[in-house]
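Undergrad: Attaching a single structure in structure tokens format; questions to follow.
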Amino acid sequence: MSFTRRTVLQAALISSVPLLVGIPIGPASAATTEISDAAFFGAWNAATGSWSTLPVFDYEANAALADVAAAARSGDYAAARAALLQYMRTRPKRTPPAWAYNGVFSPGLVPLFLDHIWTLGKGEIYQTTFTVGADLAEVTTDVSGAVRSAVASGGVGFMLMARNKEAGTAEFASRHAADGTPELTLTYADGTVRTLAASQSNHIAAGADAATSFGTAETLQVHDEGTGAFAANTRKAYLWFDLAGVTAPESATLSLTGRTSAGEQKIMLYQVQVTFDEKTQCWNNTVQNTFSWQADPNGFTWKKPTGANVDNEFAYQLPRFYFAGPLADAYGAERDEKIAAGLIGLMTDFIADANSSGASVNAASFPRNLDAAWRFQNWTYAYEILRTSPSLTADANTSILKAIHAAGLYFTTTTSATPNWMITIKSALVYLGACFPEFAGAAQWRAGAQVFLVQQLGGSLYPDGGYTEASSSYAMGVATTFVGTANVLVANGYSAGEVAPLKNLSWFLADQTYPNGYDPAYGDSGYTDQRPSLSLLADLLKDERLRHVATSGRSGTAPDHTSVVYPDTRVAVQRTGWAEQDWYLRIGADRGNHGHPDELAVQVYAHDRPLLPAMGTYSYAVDPIAAWLRTATQANNTITIDGTAQNPNAAGAVGNLSMPWVDLADGYTDATPGVRHGRTVLFLHDVGWLVSDTLTPADAGEHAYEQNWHLLPDAAPELDRATARTRFATGTQLAIIPAEPDAVTPALQDGYYSVVTYQVTPAQYVSYSLKASGTVNLDTLLLPVPPGSDAEATVRREDAPDGGRVLRLTASKGRLEGYYFRGPDDGITRRVDSYRFNGSMLYVDHHDGAQRILLTGGTALRKRGKTLLAAGQALSSTLAVRLHQADKTIEVTGPAAKPGGLPLHLAAPWAREATVAGQRVPIKRNGDLVTIAAL
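Under mature numbering (1 follows the signal peptide of the UniProt record, and there is no 0), the letters of the sequence shown match residues -30 to -1, 1 to 905, in that order.
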């Protein structure tokens, strides 16, 4: 999903734009349209004094359209076009929606857009254009921003592509050349200079060499000519520099040695966000995002290029006109008519091409209704700026407005089964109705779309308020769409109305946001800062608690909760608080569009970074890396069974109980046929997470299990027997500690991490595998180690002579020593080391001078024959107890806690104060026991 923003162009854009190749200097011409002037302006019957064909404009309600109406009545449609242009140039200013853009924009892209050069997404980021001459010479260019942005990922790549379609071929020395090899020079604030050689270099070639790798060649070739997106002899060059152990420099310079067979040749330099292997990289296996139709008299084809590995999204996102907003802003800042004429020409060219494409409603619907909605949002923004341009002719203006009107009619009836599509479509209809009130249908467009949007949003949420598509980014895109529509309506003098379900969706998003304010990035999502969008939602909803989350606690009111569960959505979040230093775990078994096979996967954040992230999406291209990230359960922090990807639509559930010192999440999934996976997460707030997996097959056969824990690219994990530890250069570390190290085969595997779509980086992950028949249990301690901490911990399976499963946990922090038991709920008393317990779940420890007890079911807990806790009847649910002798306090919480309820007996004769669910209750003493009304 794309995200909208309003930009203010900086001084760099206000400077002059380079001369553009192939852009008309004079006024743009009109395109063929699918609707006649008579159908658009109306056809007047003088005999009856009425319209025989109704106009699309409400002439009666808008006196300023009188000249247009008069020309239409006389049948002089040329005059009507001229009058309409004059009206649009002088009409009151409208406030359009913000333009949408899905790449990384820089002012240098403006001339490229106008020259029909476009990049899909954020995988290739334009840096600059430089020139090579006929003589072999060194060329240097500043790449400071690219290098600084890539340091954390451990490497930076570059792509060289011909700026113009011409006969010349540029050649550059590769890393295998004897002289002039590519170098990256890093300069630091203290004057230190470090020079890096390229670790990979290659060029790819279309046509006959499409399957050939040139990774050992001494020269890199760059060439493009002809019409279309590329030709049989097109060449692009790639470089990669290893940044392992490199800190961010003050500046960075790329040095190349090259020449061209022409007298002079311009070369575009892009930062690439995907690593490659020079030994195997070729045209056929390289996902390409940037293509050029420069000098092609037909311009963009508005379709996906064939003959290259291109994401299908190219064919959908290019017609969305993501470049329209930046071009309009550039024109608004400079009033350079070359820019206005170029953008108008792109719009009218699109109309002409789309009207002959066979699309159901021509330019209003091509290629899909979702893409059309984004396009007309961007066109609405651009038109408000272009309407006063001298380059906008009467004919071009009429063509554009005809397409806009056709879109309004189309958006009132088109449908989709996907919630985010319909919300995007109807929001575009709101924008058209608010920004083009001259159309007779505008009021109904606005009103109908507003009603639909509220109903659609309500229908897109589960009863608990969670979003039905399993993607955090898509959920946020839907939420912010409502902010956009409300702002446009209010700014143009219309009521935005109430959107009651939006508050639920906003909190669903806020509750899942990492403590640092970033997206947990489950499903088809990216690791992006959610706080700007949450701030917009807080403003719209006037929600001060939401503002607290959106500002990392700098303003607003702290939320009244921390951990949360969405049982219908099948998502739970455990968190210690809302500050960046807090700890967080998300577990889900959600399902829906844009989801991944990641049932019961967890994402973990502690203190200052994600420690176990979701690994992202990368691309929708036919590519093995993209396929692994999006369709393999192995790419998630869960268990792969028999090498099979999960079915996220299978039965499952997730729950969570939150208490002051502990959380307990529990879930299951039947996503792998034949084996049920259950996962429980015990979160000790001051220690870490104890994850318990239970795998229960329906047969007696052997099954293969692979438990995976995915890490960030710079985690540098190491294995010490079965314990894995990260080795980040700075910040919080993570230890992954299996309770039965000899029962699994540990390994460090090679995977991938996609921080946002179209960017991907190699990343190692930790894998524990085994083959077994019957029920299998895997218990794993996830231990965060913040900076300056020497936290150590152990977890070990203990004998359970009476059945069930017993773990012994120790931790250096707070001198913790505890036991964790899970067993059947049959009322039988079982031994848990020196304890005796007759319930189904028990956690008990000593920590910082306090005894802590968490239990489900049962009536009594004893230690060496002495009663620690007793109840008159079996607990119906879970109870948490903290006994602090030094403070002389008893704290009882959890769903089984009821102030003033049935008696609970505790071994705390020293107690002076007791609270139950936060309420103080009286204490009665009876020897070594005290009794409180707590159940």
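By construction, the Cβ of each residue, glycine as well, lies at the ideal position given by its N, Cα and C atoms.
Report yes or no: do three or more beta-carbon pairs, one from the region 619 to 638 and one from the region 508 to 518, lie closer than 8 Å?
TA: The region 619 to 638 vs the region 508 to 518: no contact.
Undergrad: Would you decide whether His647 is buried or exposed? Buried here means 16 or more other CB atoms lie within 10 Å of its CB.
TA: Taking the first residue of the sequence shown as 1, we reach residue 647 at position 677. Label assigned to His647: buried.
Undergrad: Please return the same chain residues whose Cβ sits closer than 8 Å to the Cβ of Gly496, not counting the five positions on each side in sequence.
TA: Locating residue 496 in the sequence shown gives position 526, where the first residue counts as 1. Closer than 8 Å at the Cβ level, and outside the excluded window around Gly496, lie Ser443, Asp489, Gly586, Thr587, Ser724, Val725, Val726 and Thr727.
Undergrad: What's the gap between the Cα of Arg290 and the Cα of Ala147?
TA: Looking up residue 290 in the sequence shown gives position 320. Looking up residue 147 in the sequence shown gives position 177. Distance between the alpha carbons of Arg290 and Ala147 is about 43 Å.
Undergrad: Considering just the uninterrupted stretch of the alpha helix (DSSP H) at Asn325, what are its terminal residues?
TA: Position 355 of the sequence shown holds residue 325. Looking at the DSSP string, the run of the alpha helix (DSSP H) that includes Asn325 is Glu307 to Asn325.
Undergrad: Between Trp253 and Ala176, which are expected to be in contact by the criterion C-beta below 8 Å, what is the C-beta distance as a whole number of angstroms?
TA: As a position in the sequence shown, residue 253 is number 283, starting the count at 1. As a position in the sequence shown, residue 176 is number 206, starting the count at 1. Trp253 to Ala176, Cβ: 5 Å. Contact.
Undergrad: Do you know how far the Cα of Thr498 is from the Cα of Glu550?
TA: As a first step, residue 550 is located in the sequence shown; it is residue number 580 there, counting from the start. As a first step, residue 498 is located in the sequence shown; it is residue number 528 there, counting from the start. Those two C-alpha atoms are separated by around 15 Å.
Undergrad: Between Val453, Gly295, Thr848 and Ala520, which has its C-alpha nearest Leu423's C-alpha?
TA: Here residue 423 is taken as the residue at index 453 of the sequence shown, counted from 1. Measuring from the Cα of Leu423, the nearest candidate turns out to be Val453.
Undergrad: Taking only three categories from DSSP, how would you classify Asp160?
TA: Translated into positions along the sequence shown, residue 160 becomes position 190. DSSP places Asp160 in coil when its eight states are reduced to three.
Undergrad: Considering only C-alpha positions, which residue in the set Pro77, Gln719, Ile557 and Ser739 is nearest to Ile611?
TA: The count along the sequence shown starts at 1 and reaches residue 611 at position 641. With distances taken between Cα atoms, Ile611 lies closest to Ser739.
Undergrad: Apart from the five residues just before and just after Leu831, which ones in its own chain have a Cβ nearer than 6 Å to its Cβ?
TA: Numbered from 1 along the sequence shown, position 861 holds the residue referred to as residue 831. So the list reads Phe807, Leu838 and Leu839, once near-sequence residues are dropped.
Undergrad: Starting from Tyr735, trace the alpha helix (DSSP H) both ways and give me its first and last residue.
TA: Within the sequence shown, numbered from 1, the residue matching residue 735 stands at position 765. Unbroken run through Tyr735 is the beta strand (DSSP E), Thr731 to Ser743; no alpha helix (DSSP H).
Undergrad: If contact is defined by three or more beta carbon pairs under 8 Å, each pair taking one atom from either stretch, is the region 769 to 780 in contact with the region 697 to 705?
TA: No: fewer than three Cβ pairs fall under 8 Å.
Undergrad: Under a Cβ-count criterion, where at least 16 other Cβ atoms within 10 Å of its own Cβ denotes burial, should Lys63 be classed as buried or exposed?
TA: As a working note, residue 63 is residue 93 in the sequence shown. Answer is exposed; the Cβ neighbour count stays below 16.
Undergrad: Using 10 angstroms around the beta-carbon of Ser782, count the other beta-carbons present and answer buried if the total reaches 16, otherwise exposed.
TA: Numbered from its first residue, the sequence shown carries residue 782 at position 812. With fewer than 16 Cβ atoms within 10 Å of its Cβ, Ser782 is classed as exposed.
Undergrad: Assuming Gly93 and Asn72 make a contact with CB atoms under 8 Å, what is their CB distance in whole Å?
TA: Numbered from 1 along the sequence shown, position 123 holds the residue referred to as residue 93. Numbered from 1 along the sequence shown, position 102 holds the residue referred to as residue 72. In fact, because the Cβ distance is near 11 Å, the residues do not count as touching under 8 Å.
Undergrad: Could you check whether the region 2 to 16 touches the region 36 to 51, counting it as contact only if at least three pairs of C-beta atoms, one from each stretch, sit closer than 8 Å?
TA: Yes, the region 2 to 16 touches the region 36 to 51.
Undergrad: Just tell me which of Gly429, Ala449, Trp349 and Asp494 has its CA closest to the CA of Tyr401.
TA: Here residue 401 corresponds to residue number 431 of the sequence shown, with the count starting at 1. For Tyr401, the nearest C-alpha among the options comes from Trp349.
Undergrad: If you run the structure through DSSP and keep just helix, strand and coil, what is His854?
TA: Here residue 854 refers to the residue found at position 884 when the sequence shown is read from its first residue. Three-state DSSP puts His854 in a strand.
Undergrad: Pro485 to Leu427, Cα distance in whole Å?
TA: Taking the sequence shown and counting its residues from 1, the one referred to as residue 485 is at position 515. Taking the sequence shown and counting its residues from 1, the one referred to as residue 427 is at position 457. Computed Cα separation, rounded: 27 Å.
Undergrad: State the DSSP-derived secondary structure class of Lys236, mapped to helix, strand or coil.
TA: Taking the sequence shown and counting its residues from 1, the one referred to as residue 236 is at position 266. Three-state DSSP puts Lys236 in a strand.
Undergrad: Mind pulling the beta strand (DSSP E) runs of 3 or more residues that sit fully within the region 682 to 732?
TA: Complete beta strand (DSSP E) runs here, min 3: 688 to 690, 693 to 695, 703 to 708 and 715 to 723.
Undergrad: Would you mind sorting Tyr813 into buried or exposed? The rule is 16 or more other CB atoms within 10 Å of its CB.
TA: Within the sequence shown, the letter at position 843 stands for residue 813. Classification of Tyr813: buried, given that the 10 Å Cβ count is 16 or more.
Undergrad: Return helix, strand or coil for Gly78, following the three-state DSSP convention.
TA: Locating residue 78 in the sequence shown gives position 108, counting from the first residue. Coil at Gly78, not helix or strand.
Undergrad: Flag this pair as touching only if the region 465 to 474 and the region 560 to 578 have three or more C-beta atom pairs under 8 Å; answer yes or no.
TA: Result no; under three Cβ-Cβ pairs closer than 8 Å.
Undergrad: Report the partner residues of Tyr554 according to the DSSP bridge assignment.
TA: In the sequence shown, counting from the first residue as 1, residue 554 sits at position 584. In the DSSP output, where bridge partners are listed per residue, Tyr554 has Arg545 and Tyr575.
Undergrad: Would you decide whether Gly(-5) is buried or exposed? Buried here means 16 or more other CB atoms lie within 10 Å of its CB.
TA: Counting from 1 along the sequence shown, the entry for residue -5 is found at position 26. With a pLDDT of 37 at Gly(-5), under the threshold of 50, the predicted position of this residue should be treated as unreliable, and no value is reported.
Undergrad: Pick from Pro67, Val26 and Val244: whose alpha carbon is nearest that of Thr731?
TA: Along the sequence shown, one-based indexing puts residue 731 at 761. The shortest C-alpha separation from Thr731 is found at Val244.
Undergrad: Decide if Lys308 is buried, meaning its Cβ has at least 16 other Cβ atoms within 10 Å, or exposed.
TA: For the purposes of this step, residue 308 is taken as the residue at position 338 of the sequence shown. By the neighbour-count rule (16 or more Cβ atoms within 10 Å), Lys308 is buried.
Undergrad: Going straight from the alpha carbon of Ile355 to that of Arg600, what length do you get?
TA: Walking along the sequence shown from the start, residue 355 turns up at place 385. Walking along the sequence shown from the start, residue 600 turns up at place 630. Roughly 40 Å separates the two Cα atoms.
Undergrad: Where DSSP assigns a beta bridge to Ser262, which residues make up the other side?
TA: Your numbering for residue 262 matches position 292 in the sequence shown. Answer is Ile87.
Undergrad: Is it the case that the Cβ atoms of Leu751 and Gly637 are separated by a distance below 8 Å?
TA: Looking up residue 751 in the sequence shown gives position 781. Looking up residue 637 in the sequence shown gives position 667. Cβ atoms of Leu751 and Gly637: not closer than 8 Å.
Undergrad: Measuring straight from C-alpha to C-alpha, what distance separates Ala311 and Arg305?
TA: Numbered from its first residue, the sequence shown carries residue 311 at position 341. Numbered from its first residue, the sequence shown carries residue 305 at position 335. Rounded to the nearest angstrom, the two C-alpha atoms are 11 Å apart.
Undergrad: From the DSSP output, which residues share a beta bridge with Arg785?
TA: Here residue 785 is taken as the residue at index 815 of the sequence shown, counted from 1. Per DSSP, none; premise fails for Arg785.
Undergrad: How far does the beta strand (DSSP E) with Gly523 in it extend, from its first residue to its last?
TA: For this step, residue 523 is matched to residue 553 along the sequence shown. No beta strand (DSSP E) contains Gly523, which DSSP labels as neither H nor E.
Undergrad: On the three-state DSSP scale, how would you describe Val421?
TA: Residue mapping note: residue 421 aligns to position 451 of the sequence shown, counting from 1. Looking at Val421 - three-state DSSP - the assignment turns out to be helix.
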